[in-house]
Amino acid sequence: MAKGDRVAAAQLRRGRWPPESIWLAATLLVGGFFRFHRLGLAALRADTITFWNICLKTAGPGQVFREWMQLMGISGQFPFAAAATKWFLSVTGVEQAFATLRLPAAMWGTAAVLAAYFVGREFKNTRIGLLAAAITALNPFLIQISREAYFYPPLVLGAYLALWASFRAMNWRRGRARLRAIFVLVNVGGLFLLTWSQPTGWLLALISGTAVLWLLLRGDMTDRRISPATAVTAAGYLAVGMPLLLAPWGLDHLIANASGATKEAALKALQVSGRGIGDLLYSFLTVPSWGGTPLRLAVSSLLLGVGLGHLVQAARGAGNARLVILYFGGGLVLYLIFRRLTGAQYAVRYLCALVPVYLLVLAVGMDRLAAWAGALFPWPRPRPGRAAALLPLVLLGWQLHPAWLCTRLTGHPTPYKEIVAWCDTNLPPGTLVLVDRWFEPWNELRVHASTNVHFTFTIPNEPLDVFLQNRWRDTARDFLHRNPGAAYLEIAKEYWDVPEVGPWRWPRTFFRRHHAITNEAGLALRRLHLAAREDFYASNTNRVIVEFFYDRKADILEKWGRSGQRLGVLYGPGWGYIKSQDYRDWRVFQGRATLFLQNISDQPSKAVIEIEAIAYGGSKNVKLGPQLGYTFTSGQLDTWRAGPILLPPGETAAELRDDLWDVSHIPLLVSNIRIVRVGESSTGATSSPR
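For our numbering, count along the sequence shown from 1 and bump the result up by 108.
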């Protein structure tokens with residue numbers, strides 16, 4: 109037992125809390141606050157919506173494991189983290205919500221703070237343990253990871269447990285510790301969390317597991333017998349590893365994910381991203397550390413350099429230092445091999461298993477710098493050690509603001525809840541909102557559902573070759589011309605950074621009005637280079653700043669007037685909307701709905717309303733006003749020419765109704781509505797999709 113630990117034990121026996129216990133409790137409270145505070149604020153994102161959907165669809169964690177491949181397909185992910193989240197919701201009985209879905213992740217993250225303390229203490233002493241715990245508690249990267257319902261929070265805890273087991277095995281090998289049952293539990297538990305949470309955990313698990321077994325066997329060779337700790341550890345490793353080799357979501361799944369069309373798609377995405385190994389190493393240096401502004405980058409580099417330098421120097425006689433160097437360097441090399449095999453992106457989250465190792469190096473660097481500061485400034489006397497504590501307090505205090513920003517994020521990075529709230533408040537009911545990325549309307553914007561507008565897309569526009577082949581921007585222009593009341597939502601700025609595509613300025617001239625929603629906390633973390641996901645860092649600030657382009661009714665009429673159009677139709681209340689599998693758009697008429705007929709001339713006009721539609725599930729009788737009516741035949745695309753009617757100048761509200769809707773519930777799918785002046789062809793005055 110180290111001297112500091114003996115002193116702490118003596119203080120506890122005397123009924124006094126040792127100072128390190130108070131510091132540790134405060135660190136846990138601070139770390140827990142930043143992980144649990146306003147946990148439901150941020151919107152879900154594409155991948156974390158997976159957890160939302162799985163927890164809604166499944167009856168329990170067992171079903172998650174059994175049906176993982178049906179639920180996810182070839183995704184390169186494992187079911188444990190989602191199953192654990194489902195288990196938590198089932199056992200506690202709490203209602204599924206954004207905050208409750210993330211509670212297990214926050215718990216994993218807070219437990220990692222405590223684990224970091226024991227890792228540092230086992231590595232060297234209590235001081236390193238407290239520094240490691242404090243760095244973990246205030247680390248913006250780990251705070252963000254712990255506030256997402258995703259695969260990485262248990263992996264990070266597993267990495268800390270694996271580190272502790274490695275250091276305990278080394279200390280045992282050198283006669284400084286005993287191997288009790290807790291060692292086996294932590295060792296096997298750490299390997300389990302590393303390997304079952306996410307495939308990237310296999311990298312550290314391979315190195316640390318091999319190191320622990322080697323240390324145990326070396327000790328057994330000295331004693332010329334297999335110890336119970338070695339036997340139980342080997343059996344535990346086997347119990348953890350065999351399901352990963354045999355389960356359909358295990359090794360076979362990873363091989364499929366790293367080959368064929370899946371790998372080809374990943375390589376295309378990597379090429380479009382433009383990121384390389386240099387970007388990865390820079391992100392790994394800055395994002396899990398103090399950031400990338402000039403001063404923060406200098407601090408990150410200094411802590412890393414001093415920490416590694418001290419470890420290299422200490423490695424001549426300290427086995428734990430050699431382990432840290434092995435894990436840090438070996439883990440990076442294995443990741444690069446893994447990336448080449450799978451085509452994975454250069455994303456810092458794929459190095460989550462190495463972040464605890466990195467933070468331990470930073471703790472060592474901070475401890476060395478503090479010692480040097482205490483030697484250079486030996487005040488106040490007679491306790492010069494207090495001066496050495498100022499440097500860690502200043503550096504850790506510098507992380508408070510970024511940590512606070514993590515609790516203010518409205519998205520990771522897209523603020524979907526704010527997007528929907530703005531649409532529900534500022535756009536007319538039933539407005540079609542074309543989204544620039546085709547995936548969003550039926551994923552993120554389905555979970556963050558609007559009560560007022562319909563989010564939609566034209567055709568698939570990912571990956572890049574599909575975007576170019578489908579001439580997506582032409583389809584978007586066509587859609588917005590055919591739907592004069594529609595708005596355009598620019599979330600991703602699809603392929604603006606690709607030279608053969610470039611920025612799209614057309615919406616900025618086509619629409620009269622513009623509104624931007626900014627994830628302010630995300631933008632601040634981006635500037636500090638402390639945002640956890642690569643999405644935050646695109647050169648066009650895509651997803652951090654979301655832009656709306658839209659017209660008011662007066663703007664639409666003004667554009668019609670300038671183009672010479674005198675008649676037009678705008679949809680009013682009561683209309684639904686669907687998109688069929690062939691990517692056609694349909695307005696849905698049920699029982700009652702309103703059309704706003706526009707005559708922007710100064711003279712009355714006699715006109716005919718042409719409604720092209722199909723009744724679904726049976727015939728449907730539609731009436732317009734007191735005299736006009738028509739029966740649409742089931743399953744047949746038909747056109748009703750209603751009129752002629754006399755339209756006075758200005759706007760006329762025309763109500764369509766089906767008096768039998770409450771009985772029949774047969775919808776009418778409307779593909780097009782035109783208003784045509786009698787004696788003219790049906791061109792120009794249209795409003796609706798194909």
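Here a beta-carbon is modelled for each residue, glycine too, at the ideal position from N, C-alpha and C.
Remember, predicted model here, so these are calculated numbers, not experimental data.
Cross-strand partners of residue i (DSSP beta bridge)
i, result
"residue 739", "729"
"residue 404", "Its beta-bridge partners do not exist; DSSP assigns none."
"residue 561", "DSSP output for residue 561 lists no bridge partner at all."
"residue 805", "Since the first and last residues shown for the chain are 109 and 798, residue 805 lies out of range."
"residue 694", "686"
"residue 655", "598, 624"
"residue 778", "695, 721"
"residue 146", "Partner(s): none; residue 146 has no beta bridge."
"residue 746", "721"
"residue 376", "Its beta-bridge partners do not exist; DSSP assigns none."
"residue 202", "Answer is none; residue 202 lacks a bridge partner."
"residue 763", "702"
"residue 753", "715"
Own chain partners of residue i with C-beta closer than 7 Å, once the 5 adjacent residues on each side are dropped
i, result
"residue 459", "392, 443"
"residue 209", "159, 160, 163, 193, 257"
"residue 520", "150, 153, 256, 641"
"residue 263", "301, 302, 305, 306, 309, 460, 461"
"residue 343", "none"
"residue 144", "214"
Cut-off 6 Å between Cβ atoms - residues of its own chain near residue i, not counting five sequence neighbours on either side
i, result
"residue 729", "739"
"residue 657", "596, 615, 619, 622"
"residue 591", "540"
"residue 750", "717, 732, 736"
"residue 473", "411, 414, 415"
"residue 664", "592"
"residue 237", "225, 228, 229"
Exposed unless 16 or more other CB atoms sit within 10 angstroms - verdict on residue i
i, result
"residue 372", "exposed"
"residue 767", "exposed"
"residue 121", "Summary for residue 121: the model assigns pLDDT 49, below 50, so the residue's position carries little reliability; its value from the coordinates is reported in the next sentence. Residue 121 should be labelled exposed."
"residue 247", "buried"
"residue 398", "buried"
"residue 450", "buried"
"residue 734", "exposed"
"residue 502", "exposed"
"residue 128", "buried"
"residue 232", "buried"
"residue 648", "exposed"
"residue 511", "buried"
"residue 354", "exposed"
"residue 700", "exposed"
"residue 509", "exposed"
"residue 361", "buried"
"residue 322", "exposed"
"residue 671", "exposed"
"residue 475", "buried"
"residue 331", "exposed"
Test item: CB-CB of residue i and residue j under 9 Å
i, j, result
"residue 659", "residue 619", "yes"
"residue 774", "residue 747", "no"
"residue 703", "residue 608", "no"
"residue 469", "residue 412", "yes"
"residue 245", "residue 212", "no"
"residue 613", "residue 622", "no"
"residue 250", "residue 435", "no"
"residue 139", "residue 217", "yes"
"residue 548", "residue 625", "no"
"residue 481", "residue 498", "yes"
"residue 77", "residue 340", "Lying before the first or after the last residue shown, residue 77 is absent from the chain, which here runs from 109 to 798."
"residue 273", "residue 320", "yes"
"residue 242", "residue 135", "yes"
"residue 518", "residue 628", "yes"
Cβ neighbours of residue i in the same chain (closer than 8 Å, five flanking residues each side left out)
i, result
"residue 741", "723, 727"
"residue 745", "720, 721, 722, 779"
"residue 401", "635, 636, 637"
"residue 422", "429"
"residue 650", "599, 600, 601, 604, 643"
The ligand NAD heavy atom lying under 8 Å from the CB of residue i
i, result
"residue 566", "Looking at this structure, you won't find the ligand NAD or any other ligand, since it has none at all."
Closer than 9 Å to chain C by CB, residue i
i, result
"residue 342", "The structure shown contains no chain C; it is built from a single protein chain."
Report the residue ranges of all alpha helix (DSSP H) runs contained in full by the region 266-321; include only those spanning at least 4 residues, in chain order. 289-305
Segments assigned alpha helix (DSSP H), at least 4 residues, entirely inside the region 428-514: 463-484, 493-505, 508-514
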